[in-house]
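Reading through the structure tokens given below for one structure.
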């Protein structure tokens, strides 16, 4: 009954490869996110989708392309992987209402990406 | 721009010690403030929050008070347990309907028995 699930949990790949990380949430939320956590635990937002529409797109190389086939899924595809892409990537979801009481994000357990 | 500054870690304490993790913020307007916790191998979980000045968020023995005058939201717990060992993130969300949470860099806490 995992609320926000990501796959794979670990991903080891060579430089230059293309890889995808999948995320699904079963909470009925309408907003999903991708965050990147570097080796120093610094967490930074990459993208956010609301009802399958891109609403936040931080300064991220265009090698990173999110795709949201429906409200419950937000996948992250990365082209031409580089050493600096090594990090833990977290998917999260929330219900966007504008009310302060509904600002809680639910996070997946992360995907550790290692680029060799 | 909006930012969150947390005390540098790591923090190592003995069980039952008092914990304070400092957090200050810079933001336009009146943000909502949060503490998230990340246990080893897991994603972040909301620990507590406060949405206006002088509000106190509390959960699992942790507390933090939204201090507008000092732009701070320090996390405290009177008596830590080994199970509190985790990374703690202070975060803010600005008004205006943006879903963008801005996180601090995290503070790793280790509690020894």
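Protein chains in written order, with the working numbering: chain P, 46 to 161; chain W, 2 to 114. Glycine included, every Cβ here is placed at the ideal spot set by N, Cα and C.
- Task: Just mark residue 38 of chain W as buried or exposed, buried being the case when its beta carbon has 16 or more other beta carbons within 10 Å.
- Result: buried
- Within 7 Å (strictly less), CB to CB, does residue 88 of chain P reach chain W? yes
- Query: Residues of chain W with a CB under 8 Å from the CB of residue 135 of chain P: which are they?
  - Reply: 44, 45
- Whole beta strand (DSSP E) elements within the region 29-85 of chain W, 3-residue minimum: 33-39, 45-51, 57-60, 63-66, 76-78
- Message: Strictly below 9 Å CB to CB, what residues from chain P border residue 106 of chain W?
- Response: 85, 86, 87, 88
- Can you tell me whether DSSP reads residue 115 of chain P as helix, strand or coil? strand
- Identify which residue in P:87, P:73, P:134 has its Cα closest to the Cα of residue 121 of chain P. P:134
- State buried or exposed for residue 107 of chain W, treating a residue as buried only when at least 16 other CB atoms are found within 10 Å of its CB. buried
- Which term fits residue 128 of chain P, buried or exposed, when burial requires 16 or more other beta carbons within 10 angstroms of its beta carbon? exposed
- Task: For my contact list, residue 49 of chain W and residue 63 of chain W are in at a C-beta cut-off of 8 Å; report their separation, rounded to the angstrom.
- Result: 6 Å
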